[in-house]
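In terms of this note's numbering, the sequence shown has 333 at position 26, counting the first letter as 1, and numbering is strictly consecutive.
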Amino acid sequence: MKACEQRRSLDGQYARKDMSVRDTDVEKRGASLAGKRILVGVTGGIAAVDTVRLLREMRRHGAEMLVIMTEGAQRVITPLAVEWASQCEVITDWDGDMKQLEDVDAILVAPATRNTIAAHLHGMQQGPLLMALSAARSRNTHVLMVPSMHADLADDPVTDDIVERLRDEGIDVMWGELEEGKRKTPNHEHIVAQFAHGINTHSKNRKSVVITLGGTYSPIDDVRGVQNTSSGLTGYAIADELYRYGHDVTCIVGRTSVEQPSWLPLCIKAEQPDEMLAELKALSNDEIHAWVHIAAVLDYVVEAPAEGKLASQQGPLQVQLVEGAKHIQELKEKARGSTRIGFKLETGVKQRDLIHRATAQIEHSEMTAVVANRLEDLGDSSKPRGYLVDKQGSHFVLETQYELCDALRTIIERGD
């Protein structure tokens, strides 16, 4: 899966059914930048050709923008294209309004040429963008710069010096991978995710969250095994939502069939139930504010896996399964006082019985909330995404993946 497809796959049922089809419209994928006024600076690197994708991605997450283009940027991409993508005013030269001096919540400069970076550090005022950056420095405004340049320039010790000075000022710097002899800018979805995280890290009630996701596997021998299947899609969507809102997210990842979003900072692979439990216990020694258990953990594991490969055509094969450890129960004592959210999947039960079983799990395991699903409903767009049951005895219908992620984030931020 390409990086540009990662966020689309995470969105699942995010799309609004009543979405307009105007040429300038974008599909809402989140609200992590909603209510934020963002100044976007576009400088003259060839990576400015990706500005349209970047600006539209910003809008998908609710950003209100003001764009400033340098003269060099206007030689790479037209202001008309930038205005179309951003649906906002584009400043291309000095004017009497001096809107670049208006207060904003954050500044994103992408691409950021070495010339622009160096000019900012030396207090130069060779255009509206540099003036805006100087004003931001005096206000301690959050700034992310995304350099783009030839590898030889990136490796120049002078570049190291000026980037280090940026970081000393508190400016975030995001480098892309080395490709074709150039340090290209990262994928536009990655930039927006990291930018949102950087802004929202300063918000109140930011939490340290651990999420388990994916399926788990128990080997029969070195080539065979039993496993629970889970794509990991919902787990990654929850992690993505929390990360964009500035939370410190750690994922413990079992077997998945979707690609991990490249912007998630810490994903620990643990495919077997005992490996996953060991990681949970190790993390419980740190200060963790919330635990989200969405991994499909095997209820039964192979008692004595064979070494090597069992011979074929030897008649019936008997495999002894024993009950595995319950991760939520094993963690109950060390996680007491934290927000704890579980997922429960049942089949062939009525809705009220599903709610009752989720309530029983909350009481037995001292959970904060449980998201309950019926197997036969999964993948059916006419059915709710799930039912959220909390420790107060309330339950709510979650119609979409978006509602599910938003509801869990709200619970975690409240510290229930």
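Cβ coordinates follow ideal geometry from the N, Cα and C atoms, glycine included.
- With 16 or more other Cβ atoms inside 10 Å of its own Cβ, ARG421 counts as buried.
- A distance below 7 Å between beta-carbons, with the five flanking residues on each side excluded, links GLN636 to the following residues of its chain, in chain order: SER672.
- Per the coordinates, the alpha-carbon of ALA577 lies some 29 Å from the alpha-carbon of LYS698.
- For ARG474, the CB contacts under 8 Å within the same chain, skipping 5 residues up- and downstream, are VAL480 in chain order.
- Remark: three or more beta-carbon pairs, one from each stretch, lie closer than 8 Å, so the region 599-610 and the region 510-522 are flagged as touching.
- Nearest in C-alpha terms to GLY722, of all of ARG367, ARG692, THR675 and THR492, is THR675.
- According to the DSSP assignment, GLU496 belongs to the alpha helix (DSSP H) that extends over 495-507.
- Rounded to the nearest whole angstrom, the C-alpha separation of GLY631 and TYR524 is 12 Å.
- For the alpha helix (DSSP H) assignment, the uninterrupted runs of no fewer than 4 residues enclosed by the region 429-465 are, from N- to C-terminal side, 435-446 and 458-461.
- The C-beta distance from VAL608 to PRO568 rounds to 29 Å, too long to meet the 8 Å contact threshold.
- The residues ILE375, VAL416 and LEU436, in chain order, have a CB closer than 6 Å to that of GLY348 in the same chain once the five nearest residues on each side in sequence are set aside.
- The beta-carbon distance between TRP570 and TYR550, rounded to whole angstroms, is 7 Å. This is short enough to meet the 8 Å contact definition.
- Closest in C-alpha terms to ASP660, from the list VAL696, ARG692 and GLY522, comes VAL696.
- With contacts defined by Cβ atoms closer than 8 Å, TYR694 and ILE662 form a contacting pair.
- One thing to note: THR536 has its Cβ no nearer than 8 Å to the Cβ of GLY553.
- Exclusion of the five residues before and after HIS504 leaves TYR550, ARG551 and GLY553 as the residues of its chain whose Cβ lies within less than 7 Å of its Cβ.
- Separation of THR377 and LEU685 (C-alpha to C-alpha, rounded to the nearest whole angstrom) is 50 Å.
- Closest in alpha carbon position to ARG446, among GLU471, ASP412, GLY430 and PRO418, is ASP412.
- Distance from the CA atom of GLN534 to the CA atom of GLY561, rounded to whole angstroms, is 10 Å.
- Counted as a single uninterrupted DSSP element, the stretch harbouring SER689 is not any alpha helix (DSSP H), since DSSP gives it neither H nor E.
- For HIS600, the enclosing beta strand (DSSP E) stretches over residues 597-600.
- For LYS588, the uninterrupted alpha helix (DSSP H) segment begins and ends at 580-590.
- In the DSSP assignment, SER525 falls within the beta strand (DSSP E) that extends over 524-526.
- The straight-line gap separating the alpha-carbon atoms of VAL359 and LEU373 is approximately 14 Å.
- Put simply, of ARG366, ILE345, VAL356 and LEU362 the residue whose alpha carbon is nearest the alpha carbon of LYS335 is ARG366.
- Between GLY615 and the set ALA642, ARG531, VAL678 and LEU573, the nearest pair of CA atoms involves ARG531.
- For GLU364, the enclosing alpha helix (DSSP H) stretches over residues 358-367.
- Per DSSP, ARG513 is not a residue of any alpha helix (DSSP H), being assigned neither H nor E.
- In the DSSP secondary-structure assignment, ILE414 is bridged to LEU346 and VAL450.
- One thing to note: VAL677 has its Cβ within 8 Å of the Cβ of GLY649.
- With fewer than 16 neighbouring CB atoms inside 10 Å of its own CB, VAL704 falls in the exposed class.
- Boundaries of the beta strand (DSSP E) harbouring VAL374: 371-376, taken from the DSSP string.
- Within the same chain, Cβ atoms closer than 6 Å to the Cβ of ARG363 are found at VAL333 and ALA392, the five residues on either side in sequence being excluded.
- Within the same chain, ILE595, HIS596, ALA597 and TRP598 come within 8 Å of SER645 by CB-CB distance, once the 5 residues on both sides are set aside.
- GLN407 is classed as buried because its beta carbon has at least 16 other beta carbons within 10 Å across all chains shown.
- Distance check between MET452 and each of PRO572, LYS491 and GLY342 places LYS491 closest, using alpha-carbon atoms only.
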